[in-house]
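Peer 1: The following block contains the structure, expressed as structure tokens.
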Amino acid sequence: MKTALFLAATLLMAASILLSIVSDMQQSPLAVVKQQQQSSQFLHYVEALDNALCAAMPTNGDVSDRVTLPAWLPQSSGIALRISGDIAYAFRPAVPGLFSQLLQDTENSTHFGLSDLTGITTPTGWQPRPAFIPVGYVVYLRENRC
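Numbered by this note's numbering, the letters in the sequence shown go through residues 186 to 331 in order.
Right under this line is the structure:
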């Protein structure tokens, strides 16, 4: 009787582990697709900001409502576009895997970084972080000119 209970418990544990592994394998591709989608969405906002700068949009402050996005791309309240002096910024909350996906999609562009308490860390170094960009954000920054 004890042996049968032990065997049943062992089989249940093995089945649970196997189901967990299968579940993890199914979630991983979904996580990758989500990272790719978030990266693509952010890059469309970056392109809209760049296009607006090249169209000589003279302004300081939030320009999220003044850029032209593709018609099929819904407006996202999580992505902000802002111009401050000579620098234009696009920023959104960082989520796991997004920054590395952006770097992969842009061939390690030096215009992307992560904000922390000390500034914005990019692949080539450190940039000052304006007060309007919160800590823990993915940031695109570029000079305000074409």
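C-beta atoms are modelled at their ideal positions from N, C-alpha and C, and glycine is treated no differently.
Under three-state DSSP, which class holds S261?
Peer 2: coil
Peer 1: How big is the Cα-Cα spacing for Q312 and P255?
Peer 2: A straight line joining the alpha-carbon of Q312 with that of P255 spans about 30 Å.
Peer 1: Measuring straight from C-alpha to C-alpha, what distance separates E328 and G270?
Peer 2: 9 Å
Peer 1: Given a threshold of 16 other Cβ atoms within 10 Å of its Cβ, counted over all protein chains shown, does G298 qualify as buried or as exposed?
Peer 2: Label assigned to G298: buried.
Peer 1: May I have a chain-ordered list of the beta strand (DSSP E) segments no shorter than 3 residues that lie completely inside the region 260-302?
Peer 2: 265-269, 272-278, 297-300
Peer 1: Three or more C-beta pairs under 8 Å: does that hold for the region 228-239 against the region 298-310?
Peer 2: no
Peer 1: Which partner residues does D247 have in the DSSP bridge list?
Peer 2: R267
Peer 1: So the candidates are S225, N293, D290; which of them puts its Cα closest to the Cα of I264?
Peer 2: S225
Peer 1: Output the boundary residues of the beta strand (DSSP E) element that contains T309.
Peer 2: Here T309 belongs to no beta strand (DSSP E), and DSSP marks it neither H nor E.
Peer 1: Out of L287, Q286, L228, S285, which has the shortest C-alpha to C-alpha gap to L266?
Peer 2: L228
Peer 1: Near L287, what residues of its chain come up, given a Cβ to Cβ distance below 6 Å and the 5 sequence neighbours on each side ignored?
Peer 2: Same-chain partners within the cutoff: S224, F297.
Peer 1: What is the DSSP secondary structure of V217, counted as helix, strand or coil?
Peer 2: helix
Peer 1: Identify the residues that DSSP records as bridge partners of E232: which are they?
Peer 2: E232 pairs with nothing; no bridge assigned.
Peer 1: Just grab the DSSP bridge partners of L326 for me.
Peer 2: Y274
Peer 1: Work out the CA separation of A273 and A241 for me, nearest whole Å.
Peer 2: Per the coordinates, the alpha-carbon of A241 lies some 12 Å from the alpha-carbon of A273.
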